[in-house]
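**Q** For the record, the sequence lines run as chains A and B. Residue numbers for the first sequence follow the working numbering, so the first one is 2 and each next one is one higher. Residue numbers for the second sequence follow the working numbering, so the first one is 2 and each next one is one higher. The beta-carbon is built from N, C-alpha and C at its ideal position, and this holds for glycine as well.
Protein chains: 2
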Amino acid sequence: MSDKPLSGVRVLDLTRVLAGPYCTMVLFDLGAEVIKVEAKTGDDARGFGPFLNGKSGYFLSLNRGKRSIALDLKDDEDRAIFERLLAHTDVLVENYRPGTMEKLGYGFDALHKRFPRLIYAAASGFGHTGPYREKAAYDMVVQGMGGIMSLTGHPGSPPTRVGTSVGDITAGLFTTIGINAALYQRAQTGLGTKIDVAMLDCQIAILENAIARYFATGQVPGPMGARHPSITPFEVFATGDGYMVIAAGNDGLFRRLAETLNEPGLAEDERFASNDARTRNVEALKAELESRLAAHTTAEWITALEAAGVPCSPINTVADALADPQVLHRNMVVSVEDPVAGTVRMAGNPIKISGMPDATTRPPAPDLDGDRAAILADLARLEAN
Amino acid sequence: MSDKPLSGVRVLDLTRVLAGPYCTMVLFDLGAEVIKVEAKTGDDARGFGPFLNGKSGYFLSLNRGKRSIALDLKDDEDRAIFERLLAHTDVLVENYRPGTMEKLGYGFDALHKRFPRLIYAAASGFGHTGPYREKAAYDMVVQGMGGIMSLTGHPGSPPTRVGTSVGDITAGLFTTIGINAALYQRAQTGLGTKIDVAMLDCQIAILENAIARYFATGQVPGPMGARHPSITPFEVFATGDGYMVIAAGNDGLFRRLAETLNEPGLAEDERFASNDARTRNVEALKAELESRLAAHTTAEWITALEAAGVPCSPINTVADALADPQVLHRNMVVSVEDPVAGTVRMAGNPIKISGMPDATTRPPAPDLDGDRAAILADLARLEAN
Numbered sequence: 002m003s004d005k006p007l008s009g010v011r012v013l014d015l016t017r018v019l020a021g022p023y024c025t026m027v028l029f030d031l032g033a034e035v036i037k038v039e040a041k042t043g044d045d046a047r048g049f050g051p052f053l054n055g056k057s058g059y060f061l062s063l064n065r066g067k068r069s070i071a072l073d074l075k076d077d078e079d080r081a082i083f084e085r086l087l088a089h090t091d092v093l094v095e096n097y098r099p100g101t102m103e104k105l106g107y108g109f110d111a112l113h114k115r116f117p118r119l120i121y122a123a124a125s126g127f128g129h130t131g132p133y134r135e136k137a138a139y140d141m142v143v144q145g146m147g148g149i150m151s152l153t154g155h156p157g158s159p160p161t162r163v164g165t166s167v168g169d170i171t172a173g174l175f176t177t178i179g180i181n182a183a184l185y186q187r188a189q190t191g192l193g194t195k196i197d198v199a200m201l202d203c204q205i206a207i208l209e210n211a212i213a214r215y216f217a218t219g220q221v222p223g224p225m226g227a228r229h230p231s232i233t234p235f236e237v238f239a240t241g242d243g244y245m246v247i248a249a250g251n252d253g254l255f256r257r258l259a260e261t262l263n264e265p266g267l268a269e270d271e272r273f274a275s276n277d278a279r280t281r282n283v284e285a286l287k288a289e290l291e292s293r294l295a296a297h298t299t300a301e302w303i304t305a306l307e308a309a310g311v312p313c314s315p316i317n318t319v320a321d322a323l324a325d326p327q328v329l330h331r332n333m334v335v336s337v338e339d340p341v342a343g344t345v346r347m348a349g350n351p352i353k354i355s356g357m358p359d360a361t362t363r364p365p366a367p368d369l370d371g372d373r374a375a376i377l378a379d380l381a382r383l384e385a386n
Numbered sequence: 002m003s004d005k006p007l008s009g010v011r012v013l014d015l016t017r018v019l020a021g022p023y024c025t026m027v028l029f030d031l032g033a034e035v036i037k038v039e040a041k042t043g044d045d046a047r048g049f050g051p052f053l054n055g056k057s058g059y060f061l062s063l064n065r066g067k068r069s070i071a072l073d074l075k076d077d078e079d080r081a082i083f084e085r086l087l088a089h090t091d092v093l094v095e096n097y098r099p100g101t102m103e104k105l106g107y108g109f110d111a112l113h114k115r116f117p118r119l120i121y122a123a124a125s126g127f128g129h130t131g132p133y134r135e136k137a138a139y140d141m142v143v144q145g146m147g148g149i150m151s152l153t154g155h156p157g158s159p160p161t162r163v164g165t166s167v168g169d170i171t172a173g174l175f176t177t178i179g180i181n182a183a184l185y186q187r188a189q190t191g192l193g194t195k196i197d198v199a200m201l202d203c204q205i206a207i208l209e210n211a212i213a214r215y216f217a218t219g220q221v222p223g224p225m226g227a228r229h230p231s232i233t234p235f236e237v238f239a240t241g242d243g244y245m246v247i248a249a250g251n252d253g254l255f256r257r258l259a260e261t262l263n264e265p266g267l268a269e270d271e272r273f274a275s276n277d278a279r280t281r282n283v284e285a286l287k288a289e290l291e292s293r294l295a296a297h298t299t300a301e302w303i304t305a306l307e308a309a310g311v312p313c314s315p316i317n318t319v320a321d322a323l324a325d326p327q328v329l330h331r332n333m334v335v336s337v338e339d340p341v342a343g344t345v346r347m348a349g350n351p352i353k354i355s356g357m358p359d360a361t362t363r364p365p366a367p368d369l370d371g372d373r374a375a376i377l378a379d380l381a382r383l384e385a386n
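1. Give the DSSP-derived three-state secondary structure of residue 120 of chain A in the structure shown.
2. Can you grab the Cα-Cα spacing for the pair residue 254 of chain B / residue 311 of chain B, in whole Å?
3. From the beta carbon of residue 255 of chain B, is the nearest beta carbon of chain A less than 9 Å away?
4. What are the boundary residues of the beta strand (DSSP E) that includes residue 344 of chain B?
5. Pick out whichever of B/134, B/132, B/149 has its Cα sitting closest to the Cα of residue 140 of chain B.
6. Alpha carbon to alpha carbon, how far is residue 97 of chain A from residue 2 of chain B? Give it in angstroms, no decimals.
7. Closer than 7 Å by C-beta to residue 197 of chain A: which residues in its own chain qualify, once you throw out the five before and the five after it? Chain order, please.
8. Distance, Cα to Cα, residue 79 of chain A vs residue 306 of chain B?
9. Closest to residue 39 of chain B by C-alpha separation, out of B/72, B/27, B/365, would be which residue?
10. Counting only beta-carbon separations shorter than 9 Å, does residue 288 of chain B have a partner in chain A?
11. Are the beta-carbon atoms of residue 227 of chain A and residue 230 of chain B separated by less than 9 Å?
12. With DSSP run on the structure shown, which of helix, strand or coil describes residue 311 of chain B?
13. Using alpha carbons as the reference points, say which of A/143, A/371, A/209 lies closest to residue 67 of chain A.
14. Express the C-alpha separation of residue 69 of chain B and residue 13 of chain B in angstroms, rounding to a whole number.
15. From residue 207 of chain B to residue 369 of chain A, what does the alpha carbon distance come to, in whole angstroms?
16. Within the continuous alpha helix (DSSP H) that includes residue 200 of chain B, where are the two ends?
17. Kindly indicate if chain B contains any beta-carbon less than 9 Å away from that of residue 313 of chain A.
18. Nearer than 8 Å: is that true of the beta carbon of residue 356 of chain B relative to any heavy atom of the ligand ZN?
19. Could you check what DSSP says for residue 6 of chain B in three-state terms: helix, strand or coil?
20. DSSP on residue 174 of chain B, reduced to helix/strand/coil?
21. For residue 49 of chain B, which residues from the same chain have a beta carbon less than 6 Å from its beta carbon, with the 5 sequence-adjacent residues on both sides left out?
22. Would you please verify whether the beta carbon of residue 6 of chain A is less than 9 Å from any beta carbon of chain B?
23. Flag residue 291 of chain B as yes if its beta-carbon sits less than 9 Å from any beta-carbon of chain A, otherwise no.
24. Would a check of beta-carbon distances place residue 181 of chain B closer than 9 Å to chain A?
25. Measure the beta-carbon distance from residue 279 of chain B to residue 286 of chain B and round it to whole angstroms, keeping in mind my assumption that it falls under 8 Å.
26. Going along chain A in order, which residues have a C-beta closer than 7 Å to the C-beta of residue 326 of chain B?
27. Kindly say whether residue 197 of chain A, judged by its beta-carbon, lies nearer than 9 Å to any beta-carbon of chain B.
28. For residue 308 of chain B and residue 165 of chain A, I'd like the C-alpha separation in whole angstroms.
29. Against residue 210 of chain B, what residues of chain A qualify as contacts under a CB-to-CB distance less than 7 Å, listed in chain order?
30. Just tell me which of A/270, A/189, A/191, A/232 has its CA closest to the CA of residue 210 of chain A.
31. Do the CB positions of residue 241 of chain A and residue 296 of chain A come within less than 9 Å of each other?
32. Write down every uninterrupted run of the alpha helix (DSSP H) in the region 254-322 of chain B whose length is 4 residues or greater and which is fully enclosed by it, in chain order.
33. Looking only at its own chain, which residues have a Cβ that is under 7 Å from the Cβ of residue 108 of chain A, when we skip the five neighbours before and after it?
34. Can you name the residues of chain B whose CB is closer than 9 Å to the CB of residue 102 of chain A?
35. According to DSSP, simplified to helix, strand and coil, what is residue 49 of chain A?
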């Protein structure tokens with residue numbers, strides 16, 4: 002018996018591109034079996050670069066370990082296969098525009114009548130209710146609408162996108178939470194439920210203290226460059242050869258920082274004596290700190306500040322981050338041996354669970370319809386039992 | 002019987018500040034009962050602004066609906082209470098520095114022997130294994146180390162923090178996924194497991210296509226301002242009175258965009274005839290589009306482009322986002338009536354589940370130790386059964 006928490010859970014995955022496939026990737030990593038049902042033209046992401054011997058590295062990393070069958074859900078024979086699969090499915094996941102599944106006759110209400118244990122999860126741009134429900138959304142659309150872009154960047158700079166698709170990914174994560182909670186609930190009740198997650202809603206859910214600040218003060222928060230709005234010093238600082246993060250927000254850490262900079266008097270200066278005072282005088286403090294930090298390199302300061310127990314870090318590139326000893330120790334870079342693309346490296350699973358194997362490799366992503374025969378053979382076996 | 006998926010699940014919450022409390026906030030929204038075990042000095046976040054009649058709006062929004070008991074886990078009497086609570090707990094969540102719980106005698110191995118059904122979830126900066134396991138981390142430290150800051154901002158600008166604490170929040174979300182999966186697993190096996198989630202690992206897990214691009218090409222990705230790296234046009238554009246997002250990445254949408262701008266020839270121009278060509282000529286395309294977009298306001302273009310079915314959006318402020326009709330329809334702004342702070346508004350639950358009530362209000366956050374008597378009375382009842 003497997004030690005993975007979702008061992009035995011069968012997922013039928015109608016999703017494309019990012020939010021949905023990210024969700025089912027996490028479900029796979031936790032032990033679920035994922036059958037990717039693709040249109041005859043395949044997931045659009047198969048066409049997204051970068052390419053490795055003609056195969057999409059983007060698609061490969063999101064769809065590792067899944068199996069693929071191509072079905073035309075308007076074709077009677079394919080619909081029959083789809084419905085036979087549904088009868089042996091625990092979780093259906095889709096990220097179509099709302100209403101699409103209903104038009105196909107596969108909306109939650111219809112499916113719930115036939116398959117009462119089926120959990121139905123939908124990740125969409127704006128959700129299955131409300132005035133925007135029929136609109137299309139992409140990551141950048143919800144980053145723009147949801148407020149996060151208004152908080153990101155330097156004051157006065159043009160709007161700045163978060164450098165990774167947090168619009169899609171957070172929707173994928175909240176959908177995954179909903180699915181797991183629904184599996185737990187079904188273990189008690191025997192009944193499946195519908196999960197309806199909207200990318201825009203998830204952007205609101207991650208605004209955190211910007212909401213509290215706005216409602217408390219009526220002031221609209223803006224971008225703050227690279228500093229924390231209310232903890233100081235908690236920011237990026239220039240050093241002799243670049244930049245670094247220093248996060249010394251309480252008085253004890255600030256004192257240690259001042260001592261490491263050989264300027265213990267900073268901690269006695271009334272402008273900097275408390276977090277509140279430091280936050281009011283954030284620009285003056287930054288000038289004081291940077292005048293000292295200019296004397297040495299980022300690497301030298303990291304060594305000195307770590308020795309003093311002051312939280313700090315370099316601004317790593319993606320290359321640095323992926324070569325970091327802690328990241329590698331935690332098995333956060335795993336690899337796939339793809340028969341065409343070769344060795345493909347990608348992010349591992351950040352949910353480490355006692356007793357759960359955390360392999361350093363993953364099975365490859367499927368070719369379009371590449372597992373039809375195996376999926377149908379498995380289905381026949383399930384039906385015979 | 003409640004229709005919430007985690008109804009009946011009892012959570013003992015040792016977490017402070019953001020990552021852990023965010024996780025247990027989601028668990029509460031899904032129906033769990035959360036007992037917050039605080040040090041006698043209380044969660045540090047009680048001291049974080051903004052303040053409403055002296056109470057932290059930051060703390061209130063993350064801890065709505067939880068109950069509080071103050072326990073000194075080095076005091077024998079309090080330890081006895083803690084252990085009695087553990088005997089009736091499904092999920093323990095902590096975000097101490099690794100090793101802290103072991104020193105208290107409450108590491109997973111020790112607890113698992115006494116309480117084999119207990120699920121133990123730890124969210125920490127670097128995880129419970131590896132060379133950095135004893136280091137402290139904060140959101141900005143892992144944003145710096147994990148690579149996301151190197152992808153965020155405009156080329157040539159100083160490093161830019163993502164404007165919300167994605168380092169904490171993604172760790173909270175992955176921990177929540179792990180807990181729900183562990184609950185499902187326990188329903189099959191009867192045994193609890195340990196979940197070990199590191200903020201840094203989660204930053205790697207959300208780098209998405211930057212990893213594929215780096216490993217495929219060897220080129221280190223940098224910040225790209227407000228555009229998508231490989232889909233074009235998918236970017237922020239200047240208009241007559243500000244900025245807007247236009248996401249017209251496929252040929253059909255690009256044609257509709259060109260027609261709406263009254264320049265259908267753009268879609269015939271060989272520089273812009275395919276996504277690949279548009280991405281190669283992204284700067285030339287931006288100049289062409291902005292020269293047309295300058296003629297009207299953002300609001301006018303949104304109306305016209307939406308009529309044409311081209312995905313687009315304004316760059317909303319937090320105030321705009323929180324007043325958006327779809328956001329309000331989806332109940333993504335809920336309120337708490339706090340006896341001291343008054344009406345406090347905060348983000349709702351983005352996981353909408355069929356049959357699950359989605360109240361427009363939440364119970365208040367607890368005062369420090371404010372529920373001691375009720376918690377102990379409940380415990381006595383549980384022990385008597």
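**A** Based on what the coordinates show:
1. Reduced to three states, the DSSP call for residue 120 of chain A is strand.
2. Their Cα atoms are separated by approximately 6 Å.
3. Not a single C-beta of chain A is nearer than 9 Å to the C-beta of residue 255 of chain B.
4. Unbroken beta strand (DSSP E) run through residue 344 of chain B: 343-348.
5. Among B/134, B/132, B/149, the Cα nearest to that of residue 140 of chain B belongs to B/149.
6. Any reading at residue 2 of chain B must be qualified, since the residue scores a pLDDT of 48, below 50, and its modelled position is unreliable; the value itself is stated next. Approximately 33 Å, taken between the alpha carbons.
7. The residues are 123, 128, 129.
8. When rounded, the distance between both Cα atoms is 36 Å.
9. Here the closest residue by C-alpha is B/72.
10. Against chain A, the CB of residue 288 of chain B has no partner CB under 9 Å away; the residue lies outside that interface.
11. Cβ atoms of residue 227 of chain A and residue 230 of chain B: not closer than 9 Å.
12. Annotated three-state conformation of residue 311 of chain B is coil, per DSSP.
13. The shortest C-alpha separation from residue 67 of chain A is found at A/371.
14. The straight-line gap from Cα to Cα measures roughly 10 Å.
15. The C-alpha of residue 207 of chain B lies about 25 Å from the C-alpha of residue 369 of chain A.
16. The continuous alpha helix (DSSP H) containing residue 200 of chain B extends over residues 200-206.
17. Closer than 9 Å to some Cβ of chain B, the Cβ of residue 313 of chain A qualifies, so yes.
18. Judged by which ligands are present, the structure shown has none, so any question about the ligand ZN falls away.
19. In the three-state reduction of the DSSP assignment, residue 6 of chain B falls in the coil class.
20. Per DSSP, reduced to three states, the secondary structure at residue 174 of chain B is helical.
21. Spatial neighbours of residue 49 of chain B in its own chain (CB-CB distance under 6 Å, excluding positions within 5 residues in sequence) are listed in chain order as 57, 59.
22. Taking Cβ atoms only, chain B reaches closer than 9 Å to residue 6 of chain A, which makes this a yes.
23. No, its Cβ sits nowhere closer than 9 Å to a Cβ of chain A.
24. Judged by the 9 Å Cβ criterion, residue 181 of chain B is in contact with chain A.
25. That belief holds up - the Cβ atoms of residue 279 of chain B and residue 286 of chain B are roughly 6 Å apart, short of 8 Å.
26. Neighbours of residue 326 of chain B on chain A, chain order: 132.
27. Judged by the 9 Å Cβ criterion, residue 197 of chain A is in contact with chain B.
28. Each residue's alpha carbon lies about 29 Å from the other.
29. 59, listed in chain order.
30. Of the listed residues, the one whose Cα sits closest to residue 210 of chain A is A/232.
31. Cβ atoms of residue 241 of chain A and residue 296 of chain A: closer than 9 Å.
32. The region 254-322 of chain B contains these whole alpha helix (DSSP H) runs: 276-281, 283-294, 299-308.
33. So the qualifying residues of the chain are 102.
34. Around residue 102 of chain A, no beta-carbon contact reaches into chain B at under 9 Å, the shortest distance being about 14 Å.
35. Here residue 49 of chain A carries a coil assignment [DSSP, helix/strand/coil].
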